[in-house]
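Step one of this worksheet: look at the structure below.
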Ligand SMILES: Cc1cc2nc3c(=O)[nH]c(=O)nc-3n(C[C@H](O)[C@H](O)[C@H](O)COP(=O)(O)OP(=O)(O)OC[C@H]3O[C@@H](n4cnc5c(N)ncnc54)[C@H](O)[C@@H]3O)c2cc1C
Ligand code: FES
Ligand code: FES
């Protein structure tokens, strides 16, 4: 299959890659660009482990073609920390033990940050509905909710 | 497989008409990419319509709204005027998938995927929405109700794409509502659903009604008997009972793991009744 050249922006950096026309963005990130933070849980939009933002919108990168992101702005989990300084959400996940195997964690962090950017003070119900597309087989979710609320509180008072 | 991103509808139509193999139009991709992954389809050509001017814009037109075919669920939900005028249409569209899916999914994709359970479709049918179809033989406006042909099939001809949806101007005291039944609170496919669109007079009597049912037949049903059961009433108990009965009577569902024929038939009636009560209240009626 003929590959196509694509120029895009990822976490603020200009990036060029080639990919096959039917290759999901998730595979491009992981296999061609070494950005393995986004995970493949299902490949069909159900689990949210592959969540990234595309032009400011949260999307499943398994449901986007690599060729579609020409000229777009993408953010991934790799863009969340500032150097060695973890984002408050990342720190809160450590503090609250809000992860076990960690497969779901990058997607949940990207999703939670997208929510807090819009709504710095969500209720637990709003948060749970927002994260309904992010499945976790390990934690039972309560610690994830506690961690996000703790981070939200710290970010509001920062 | 080839990927094309035409910058006019005419070019999209030309590419699709000239293609000899399997083609897929790509809007939000939340059905198309799932089908690719599952190996259900191996297209020779994918036509990404998102670079056609106007296809991602939502604007007022003739007192109503013109919604580009690739406008996402998230964008619909953020449009306050649209949500105020057509709460039933927008709540149906926003039930599709997760926030991630909402970032991409379109109502037209939901319509053209032609699942009888598509959550955007009953609201659009109840609204008497039309779609603008562009193709090798020019442009035509078609009722949303006329697009699905059978599960997975539409009445669009080779080379045709939908470029926008039009929601008409609203008479005073009009509103709509959409309800679906799923076994959990999020992320599932409707077992039965109902969209109801009503107009009232100043005294609260229903002067116009459209009732559409989803997931209870091969395509979404527009049920005239439901409308007749409530037009001329103030949605009293007798009218609601007649509405529920007419809705159940119209169902021709299948038995599957999501629901039995009996369950779907009963629930569609209940949902039609409840959606009518919500739409009536939104239109300013008092029960
Ligand atoms: C995790 C997940 C959850 C979901 N949950 C729901 C749900 O709760 N309810 C529900 O109804 N659906 C659900 N869906 C299905 C899907 O998201 C919807 O059907 C969605 O509206 C499709 O829109 P799209 O823009 O992504 O379509 P695409 O995938 O781009 O296209 C869908 C189909 O329509 C055709 N098409 C698209 N645009 C046009 C056009 N302009 N002209 C002609 N043909 C066109 C395509 O060729 C394709 O056949 C879910 C999907 C996923 C992955
Ligand atoms: S891998 Fe994309 S949603 Fe599961
Ligand atoms: S920590 Fe294992 S899936 Fe969430």
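Protein chains in written order, with my numbering: chain A, 1 to 158; chain B, 1 to 287. Glycine included, C-beta positions come from ideal geometry on N, C-alpha and C.
Residue 193 of chain B and residue 271 of chain B - do their beta-carbons sit closer together than 8 Å?
Translated into the one-based positions of the second chain, residue 271 of chain B becomes position 271. Translated into the one-based positions of the second chain, residue 193 of chain B becomes position 193. Going by C-beta atoms, residue 271 of chain B is nearer than 8 Å to residue 193 of chain B.
DSSP state of residue 75 of chain B mapped onto helix, strand, coil
Against the second chain, residue 75 of chain B aligns to sequence position 75. Three-state result, residue 75 of chain B: helix.
Just reading off the beta strand (DSSP E) that residue 141 of chain A is part of, what are its end residues?
Position 141 of the first chain, counted from the start, is the residue given in the question as residue 141 of chain A. Per DSSP, residue 141 of chain A belongs to no beta strand (DSSP E) and is neither H nor E.
Rounded C-alpha distance that separates residue 98 of chain A from residue 213 of chain B:
As a position in the first chain, residue 98 of chain A is number 98, starting the count at 1. As a position in the second chain, residue 213 of chain B is number 213, starting the count at 1. The straight-line gap from Cα to Cα measures roughly 42 Å.
Out of curiosity, what's the CA-to-CA distance linking residue 157 of chain B and residue 145 of chain B?
Taking the second chain and counting its residues from 1, the one referred to as residue 157 of chain B is at position 157. Taking the second chain and counting its residues from 1, the one referred to as residue 145 of chain B is at position 145. In a straight line, the C-alpha of residue 157 of chain B is about 16 Å away from that of residue 145 of chain B.
Going by C-alpha to C-alpha distance, which of A/17, A/156 and A/67 sits closest to residue 89 of chain A?
Here residue 89 of chain A corresponds to residue number 89 of the first chain, with the count starting at 1. When each option's Cα is compared against that of residue 89 of chain A, the closest is A/156.
Determine whether the beta carbon atoms of residue 187 of chain B and residue 106 of chain B lie at a separation below 8 Å.
Numbered from 1 along the second chain, position 187 holds the residue referred to as residue 187 of chain B. Numbered from 1 along the second chain, position 106 holds the residue referred to as residue 106 of chain B. Not a contact, by the Cβ cut-off of 8 Å.
Cβ contact check for the region 50-68 of chain B and the region 14-30 of chain A: 3 or more pairs under 8 Å:
no
Mapping the DSSP letters down to three states, classify residue 161 of chain A as helix, strand or coil.
An answer regarding residue 161 of chain A cannot be provided, because it is not within the stretch 1 to 158 covered by chain A.
Taking any Cβ of chain A, which residues in the region 156-188 of chain B have a Cβ under 9 Å from it, in chain order?
Listed in sequence order: 185, 186 and 187.
Check residue 155 of chain A in the structure and name its three-state DSSP category.
For this step, residue 155 of chain A is matched to residue 155 along the first chain. Residue state, collapsed to three classes: helix.
Should residue 39 of chain A be labelled buried (16 or more other beta-carbon atoms within 10 Å of its own) or exposed?
Counted from its first residue, the first chain places residue 39 of chain A at position 39. The Cβ neighbour count for residue 39 of chain A, taken over all protein chains shown within 10 Å, is at least 16; the residue is labelled buried.
From residue 261 of chain B to residue 147 of chain B, what distance separates their C-alpha atoms?
As a working mapping, residue 261 of chain B is identified with position 261 in the second chain. As a working mapping, residue 147 of chain B is identified with position 147 in the second chain. Their backbone Cα atoms lie some 25 Å apart in a straight line.
Chain A within 8 Å of residue 37 of chain B, Cβ atoms only
Locating residue 37 of chain B in the second chain gives position 37, where the first residue counts as 1. Closer than 8 Å: yes.
Is there contact here, the region 28-42 of chain B with the region 29-47 of chain A, by at least three beta-carbon pairs under 8 Å?
yes
If we count Cβ pairs, one from each stretch, closer than 8 Å, do we get three or more for the region 133-143 of chain A versus the region 100-118 of chain A?
The region 133-143 of chain A is in contact with the region 100-118 of chain A.
I need the boundaries of the alpha helix (DSSP H) containing residue 265 of chain B, first residue and last residue.
Along the second chain, read from residue 1 onward, the residue named residue 265 of chain B stands at position 265. Under the DSSP assignment, residue 265 of chain B falls in the alpha helix (DSSP H) whose first and last residues are 261-282.
Using a Cβ cut-off of 8 Å (strictly closer), state whether residue 124 of chain A contacts chain B.
The residue labelled residue 124 of chain A in the question sits at position 124 within the first chain. With 8 Å as the cut-off, residue 124 of chain A does not count as an interface residue toward chain B.
Quick check: is any heavy atom of ligand 2 less than 7 Å from the C-beta of residue 101 of chain A?
By 1-based counting over the first chain, the position of residue 101 of chain A is 101. False, no ligand heavy atom lies under 7 Å from that Cβ.
Is residue 81 of chain A a contact residue of ligand 1, with contact defined as CB to any heavy atom under 7 Å?
In the first chain, residue 81 of chain A corresponds to position 81, counting from 1. No, Cβ of residue 81 of chain A sits at least 7 Å from all heavy atoms of ligand 1.
In angstroms with no decimal places, state the Cα-to-Cα distance between residue 41 of chain A and residue 62 of chain A.
Here residue 41 of chain A is taken as the residue at index 41 of the first chain, counted from 1. Here residue 62 of chain A is taken as the residue at index 62 of the first chain, counted from 1. Between residue 41 of chain A and residue 62 of chain A, the C-alpha separation is close to 10 Å.
So which residues of chain B does residue 10 of chain A contact, with C-beta pairs closer than 9 Å?
Looking up residue 10 of chain A in the first chain gives position 10. Near residue 10 of chain A there are no residues of chain B at all, since even the closest Cβ is about 17 Å away, more than 9 Å.
Extent of the continuous beta strand (DSSP E) to which residue 317 of chain B belongs
Only positions 1 to 287 of chain B appear in this structure, which leaves residue 317 of chain B out of reach.
Beta carbon of residue 240 of chain B, beta carbon of residue 276 of chain B: below 8 Å?
Here residue 240 of chain B refers to the residue found at position 240 of the second chain. Here residue 276 of chain B refers to the residue found at position 276 of the second chain. Yes, Cβ-Cβ distance for residue 240 of chain B and residue 276 of chain B is below 8 Å.
Using a Cβ-Cβ distance cut-off of 8 Å, determine whether residue 129 of chain B contacts chain A.
Counted from its first residue, the second chain places residue 129 of chain B at position 129. For residue 129 of chain B, not one C-beta of chain A is nearer than 8 Å to its own C-beta.
Taking just the CA atoms, how far does residue 55 of chain B sit from residue 13 of chain B?
Counting from 1 along the second chain, the entry for residue 13 of chain B is found at position 13. Counting from 1 along the second chain, the entry for residue 55 of chain B is found at position 55. Cα to Cα, the separation comes out at about 14 Å.
Compute the Euclidean distance between the alpha carbons of residue 150 of chain A and residue 119 of chain A, then round it to the nearest angstrom.
Walking along the first chain from the start, residue 150 of chain A turns up at place 150. Walking along the first chain from the start, residue 119 of chain A turns up at place 119. Each residue's alpha carbon lies about 14 Å from the other.
Residue 46 of chain A CB to nearest heavy atom of ligand 5 below 7 Å
Looking at this structure, you won't find ligand 5 anywhere; what it does contain is ligand 1, ligand 2 and ligand 3.
Measuring alpha carbon to alpha carbon, tell me which of A/122, A/66, A/124 and A/140 ends up nearest residue 102 of chain A.
Along the first chain, read from residue 1 onward, the residue named residue 102 of chain A stands at position 102. Comparing Cα-Cα distances from residue 102 of chain A to each of A/122, A/66, A/124 and A/140, the minimum goes to A/140.
Relative to the alpha-carbon of residue 90 of chain B, which residue among B/124, B/100, B/115 and B/246 has its alpha-carbon at the smallest distance?
Within the second chain, numbered from 1, the residue matching residue 90 of chain B stands at position 90. Looking at the Cα atoms, B/124 is the closest of the given residues.
For the alpha helix (DSSP H) holding residue 114 of chain A, just list the boundary residues, first then last.
The count along the first chain starts at 1 and reaches residue 114 of chain A at position 114. Annotation: the continuous alpha helix (DSSP H) that includes residue 114 of chain A extends over 105-118.
Residue 100 of chain B to residue 59 of chain A span [Cα, whole Å]:
Position 100 of the second chain, counted from the start, is the residue given in the question as residue 100 of chain B. Position 59 of the first chain, counted from the start, is the residue given in the question as residue 59 of chain A. Roughly 4 Å between the two C-alpha positions.
Within chain A, the residues that residue 1 of chain B reaches when beta carbons sit closer than 7 Å
Along the second chain, one-based indexing puts residue 1 of chain B at 1. Here the neighbours are 1, 21 and 22.
Given that a residue counts as buried once 16 or more other Cβ atoms are within 10 Å of its Cβ, and exposed if not, what is residue 211 of chain B?
The count along the second chain starts at 1 and reaches residue 211 of chain B at position 211. Counting Cβ neighbours within 10 Å, residue 211 of chain B comes out buried, since at least 16 surround it.
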